[in-house]
Amino acid sequence: MEAPLANFLASGLFEFGSKLGPILWQFPPNFSFDPPRVEAFLSQLPHDTEAAAAIAHRHDQKVEGRSALEPGEKRPMRHAMEIRNQSFVVPEFLDMLRAHDVALVCADTVAWPRLFDVTSNFCYCRLHGSEELYASGYDDAALDEWAERVVGWARTGRDVFVYFDNDVKVHAPADAQGLERRVRALLQ
């Protein structure tokens, strides 16, 4: 597991500089919860750019000649994990995320588990379309509900990241703007 992580970290993340946001780790639907394997992965994740650079320097030949290894100013790094298999819906997994300060992605979808557990100092949501994966939009009532959640998390001092991935029928931009308006109104 070390070489793929080193290759990923060496592949250009440091080029984002201060714009580097949380890193999303997605597991495919056929990946079941394997506690030792998940623990091993989580324990390798760096939580600042200096630690990431130390790992990135151990990259293999796959990124040779096209790596970016200078982290610049030391900055924190945050991680979020999106699960797509019901076997992850156990307290042991949530405890692992909390122990390693990794956010559980709240994925709104008909196909995968939707959990609202907070496991880090930030929240990360991916709205894929709750009626039809990647295609259904969010009506006013759904956007109101999500705005309440976002504001609730934000009021606890957490950063909240929300991404709309319901782009098949081009709903994402309008849905994102609708959510933003609602959040701003609630925060006034």
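For the sequence shown, our numbering gives the first residue as 1, with consecutive numbering after it.
Glycine is no exception: its CB is placed at the ideal position from the N, C-alpha and C atoms.
Simplified DSSP state of residue i, which is helix, strand or coil
i    : result
E70  : coil
F31  : coil
R126 : strand
D139 : coil
D167 : coil
P46  : coil
F88  : helix
S18  : helix
Residue from the options whose Cα sits closest to the Cα of residue i
i    : options                   : result
V160 : F116, R98, V168 and E131  : F116
D144 : R158, V102 and R181       : R181
A142 : L127, A154, W153 and R155 : L127
F164 : A154, G178 and R158       : G178
S67  : I55, P76, R75 and E73     : I55
S87  : P113, D48, A172 and E2    : P113
R84  : G72, D108 and R149        : D108
S18  : R75, M81 and H47          : R75
L9   : F33, E82, P46 and G157    : P46
Beta bridge counterpart(s) of residue i as assigned by DSSP
i   : result
Q26 : E82
P76 : D48
Limits of the beta strand (DSSP E) - the one that residue i falls within
i    : result
L104 : V102 to T109
V162 : D159 to F164
Delimiting residues of the alpha helix (DSSP H) encompassing residue i
i    : result
L9   : E2 to A10
G65  : First-last for G65: undefined, no H or E at that position.
R184 : A172 to L187
L94  : P91 to A99
Pair within 9 Å by beta-carbon distance, residue i and residue j
i    : j    : result
F14  : E92  : no
C106 : Y134 : no
V110 : L42  : no
E148 : L104 : no
CB contact below 9 Å: residue i versus chain B
i   : result
F93 : Reference to chain B is not applicable here, since this structure consists of a single protein chain.
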